[in-house]
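If you read the protein sequences in the order shown, they are chains A and B.
Last residue of the first sequence: 198 in numbering that gives the first Met the number 0, with the numbers rising by one and none dropped.
Last residue of the second sequence: 198 in numbering that gives the first Met the number 0, with the numbers rising by one and none dropped.
Using N, Cα and C, we set each Cβ at its ideal position, and we do this for glycine too.
For reference, the structure is listed below as structure tokens.
2 protein chains.
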Amino acid sequence: MASKDRILRLKEETRINILEAALNIVKVEGWQALSMRKIADAIEYTAPIIYEYFSNKDAILLELTRKGFIILSKDMRAAKEKHRLPEKQLEAMWLAYWNFAFAEKELYQVMFGVDVNCCLMCEILPEAEEPSLLVNDAIEQLMAPHKPSEDEICTKYYTFWSVVHGLISINMVRRNISDDITHEVLKTAISGIIRSIKE
Amino acid sequence: MASKDRILRLKEETRINILEAALNIVKVEGWQALSMRKIADAIEYTAPIIYEYFSNKDAILLELTRKGFIILSKDMRAAKEKHRLPEKQLEAMWLAYWNFAFAEKELYQVMFGVDVNCCLMCEILPEAEEPSLLVNDAIEQLMAPHKPSEDEICTKYYTFWSVVHGLISINMVRRNISDDITHEVLKTAISGIIRSIKE
DNA sequence: TAAATTATTTAACAGCGTTAAGCAAATGTA
DNA sequence: TACATTTGCTTAACGCTGTTAAATAATTTA
Chain A
0 MASKDRILRL KEETRINILE AALNIVKVEG WQALSMRKIA DAIEYTAPII YEYFSNKDAI
60 LLELTRKGFI ILSKDMRAAK EKHRLPEKQL EAMWLAYWNF AFAEKELYQV MFGVDVNCCL
120 MCEILPEAEE PSLLVNDAIE QLMAPHKPSE DEICTKYYTF WSVVHGLISI NMVRRNISDD
180 ITHEVLKTAI SGIIRSIKE
Chain B
0 MASKDRILRL KEETRINILE AALNIVKVEG WQALSMRKIA DAIEYTAPII YEYFSNKDAI
60 LLELTRKGFI ILSKDMRAAK EKHRLPEKQL EAMWLAYWNF AFAEKELYQV MFGVDVNCCL
120 MCEILPEAEE PSLLVNDAIE QLMAPHKPSE DEICTKYYTF WSVVHGLISI NMVRRNISDD
180 ITHEVLKTAI SGIIRSIKE
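Take a look at the structure:
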């Protein structure tokens with residue numbers, strides 16, 4: 000019977016609908032607002048139906064994560080193929096990575112556990128400023144011979160912060176990287192930035 | 000009446016107890032497991048009492064965030080004061096930052112929105128490997144003259160990833176940084192790493 | 001001692017993820 | 001065609017969440 004096929008196709012379709020609905024809710028209302036009942040509403044079913052397609056909510060997130068990696072891979076592959084020199088390839092690939100993160104912000108968030116707890120941080124927290132002040136002061140001293148602008152100092156500060164924070168959060172989410180390697184990365188990255196400031 | 004003072008002191012004490020209980024739960028069971036009722040249990044009250052001290056759950060997280068920044072600031076200040084040369088100060092401060100992140104892992108997580116969605120990622124996701132393969136291939140080519148070891152390539156890869164991911168997540172959590180600066184940081188950081196690989 | 005205030009709890013609401021039971025429509029079998 | 005079985009889907013429920021309002025217990029004030 001060909002109806003078997005048609006039914007299978009319909010099933011596959013609602014599976015896709017579930018994923019699309021989920022991503023859509025997240026795009027409009029954020030990850031916090033995603034619920035099984037809302038997904039069900041969007042696909043015009045009731046919540047328990049979803050469990051016929053995904054064993055639980057995490058399985059939906061995992062599937063979206065997979066979807067994200069597929070897109071990211073494609074983008075980076077395309078970027079790579081546009082160049083022959085490895086240095087150009089690297090630059091193009093990381094730019095593609097960057098662009099993906101903001102073009103598919105929600106996917107990137109679930110892929111790498113970046114949680115935008117904005118409402119929390121937007122409150123006034125004067126204490127949050129001191130670390131940056133401390134560092135900026137040292138950077139300013141270091142760059143003094145170059146007579147740096149405010150922007151240049153700021154730039155160096157974010158470079159430092161990105162390296163360190165990036166390394167930390169990668170370490171926290173992916174526990175399988177050896178401590179030796181991460182520590183070496185940290186040290187060489189920091190001294191690298193310092194060197195780049197001095198010259 | 001001195002009893003006024005005593006009561007005020009007691010009130011301050013339970014306020015602290017709430018924060019300590021919250022942090023304790025998080026340390027033992029993770030952020031996901033933190034609930035008002037659990038905090039109440041720990042301080043031997045019922046949940047609504049907490050609302051006399053904090054307007055809602057987010058306010059508790061905000062207070063822990065503040066606490067985190069105070070500790071971080073103290074650590075970085077101490078690190079800075081141990082050196083006179085700004086380059087040494089910078090290195091010491093960022094190491095202090097790094098140490099804080101892992102010594103007070105839970106505080107760091109709430110401060111910077113790093114969510115350890117471990118159970119999700121631990122699943123098998125073969126698609127998650129391709130981006131790293133693409134990049135590693137280019138790094139290997141670039142380093143070919145140096146005859147690099149597997150570890151050296153890996154190290155360079157994590158350096159790239161940290162810079163880019165760090166910059167992205169900082170941008171997502173703190174929306175107030177100008178695009179010009181972040182983009183410049185990205186470009187200079189990438190070319191800096193590429194340069195460091197080549198030499 | 002009685003009234004007023006304060007401290008604390010119980011009960012409830014609306015929402016969450018998830019599961020089990022029930023119903024209704026479609027399908028297979030005689 | 002009539003009955004039995006399977007399928008698709010919903011309703012109801014459990015235990016949890018943050019949060020608020022009402023009720024009660026304890027304490028202070030008059």
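Can you tell me which of the three DSSP states residue i falls into?
i: residue 54 of chain B; result: coil
i: residue 0 of chain B; result: Residue placement at residue 0 of chain B cannot be trusted, given a pLDDT of 44 that sits under 50; what the coordinates show is reported in the next sentence. In the structure shown, residue 0 of chain B sits in coil (DSSP, three-state: anything other than H, G, I, E or B).
i: residue 121 of chain B; result: Any reading at residue 121 of chain B needs caution, since the residue's pLDDT is 44, under 50, leaving its predicted position unreliable; the model's value is listed next. If DSSP states are grouped into helix, strand and coil, residue 121 of chain B belongs with coil.
As a quick exercise: from the options, pick the residue whose alpha carbon is nearest that of residue i.
i: residue 151 of chain B; options: B/160, B/161 and B/138; result: B/138
i: residue 132 of chain A; options: B/16, B/71, B/110 and B/66; result: B/71
i: residue 12 of chain B; options: B/42, B/86, B/102 and B/149; result: B/42
i: residue 193 of chain B; options: B/148, B/134 and B/178; result: B/134
i: residue 153 of chain A; options: B/181, B/143, B/31 and B/100; result: B/181
i: residue 129 of chain B; options: A/101, A/144 and A/92; result: A/92
i: residue 97 of chain A; options: A/145, A/189, A/78 and A/54; result: A/78
i: residue 103 of chain A; options: A/18, A/26 and A/54; result: A/26
i: residue 275 of chain B; options: B/177, B/178 and B/62; result: Residue 275 of chain B lies beyond the range of chain B shown here (0 to 198); nothing can be said about it.
i: residue 99 of chain B; options: B/88, B/73 and B/82; result: B/73
i: residue 57 of chain B; options: B/126, B/33, B/166 and B/179; result: B/33
i: residue 162 of chain B; options: B/52, B/189 and B/90; result: B/189
i: residue 75 of chain B; options: B/95, B/126, B/84 and B/144; result: B/95
i: residue 146 of chain B; options: B/111, B/106 and B/197; result: B/197
i: residue 215 of chain A; options: A/144, A/90, A/106 and A/10; result: In the structure as shown, chain A starts at 0 and stops at 198, and residue 215 of chain A therefore has no counterpart that could be examined.
i: residue 176 of chain B; options: A/45, A/82, A/88 and A/160; result: A/160
i: residue 107 of chain B; options: B/136, B/143, B/88 and B/66; result: B/66
i: residue 136 of chain B; options: A/89, A/47, A/46 and A/179; result: A/89
Is residue i buried or exposed, if buried means 16 or more other CB atoms sit within 10 Å of its CB?
i: residue 170 of chain B; result: buried
i: residue 164 of chain A; result: buried
i: residue 68 of chain B; result: buried
i: residue 6 of chain A; result: exposed
i: residue 15 of chain A; result: exposed
i: residue 155 of chain A; result: buried
i: residue 101 of chain B; result: exposed
i: residue 28 of chain A; result: exposed
i: residue 31 of chain B; result: exposed
i: residue 60 of chain B; result: buried
i: residue 84 of chain A; result: exposed
i: residue 54 of chain A; result: exposed
i: residue 168 of chain B; result: buried
For the putative contact between residue i and residue j, defined by C-beta atoms under 8 Å, what is the C-beta separation to the nearest angstrom?
i: residue 184 of chain B; j: residue 158 of chain A; result: 5 Å
i: residue 86 of chain A; j: residue 141 of chain B; result: 6 Å
i: residue 17 of chain A; j: residue 49 of chain A; result: 6 Å
i: residue 64 of chain A; j: residue 109 of chain A; result: 6 Å
i: residue 191 of chain B; j: residue 195 of chain A; result: 6 Å
i: residue 105 of chain B; j: residue 22 of chain B; result: 6 Å
* Asked: Which residues, taken in chain order from the stretch 158-173 of chain B, show a beta carbon closer than 9 Å to some beta carbon of chain A?
  -> Residues of the stretch 158-173 of chain B with a C-beta less than 9 Å from any C-beta of chain A: 158, 159, 160, 161, 162, 163, 164, 165, 166, 167, 168, 169, 170, 171, 172 and 173, listed in chain order.
* To do: Check each residue of the stretch 91-105 of chain B: if its Cβ is closer than 9 Å to any Cβ of chain A, include it; give the result in chain order.
  => Here the close residues are 92, 93, 94, 96, 97, 100, 101 and 104.
* When Cβ atoms are compared, which residues of the stretch 69-82 of chain A fall closer than 7 Å to chain B? -> Going along the stretch 69-82 of chain A in chain order, one finds 69, 71, 72, 75, 76 and 79 with a Cβ nearer than 7 Å to chain B.
* **Contacting positions in the stretch 45-60 of chain B - beta carbon closer than 7 Å to chain A** => Cβ contacts with chain A: 57 and 60.
* Asked: Listed in chain order, which residues of the stretch 25-43 of chain B have Cβ atoms closer than 8 Å to some Cβ of chain A?
  -> Per Cβ criterion, the list is empty.
* chain A contacts made by the stretch 179-192 of chain B, where a contact means CB separation under 9 Å -> Hits within the stretch, in order: 179, 180, 181, 182, 183, 184, 185, 186, 187, 188, 189, 190, 191 and 192.
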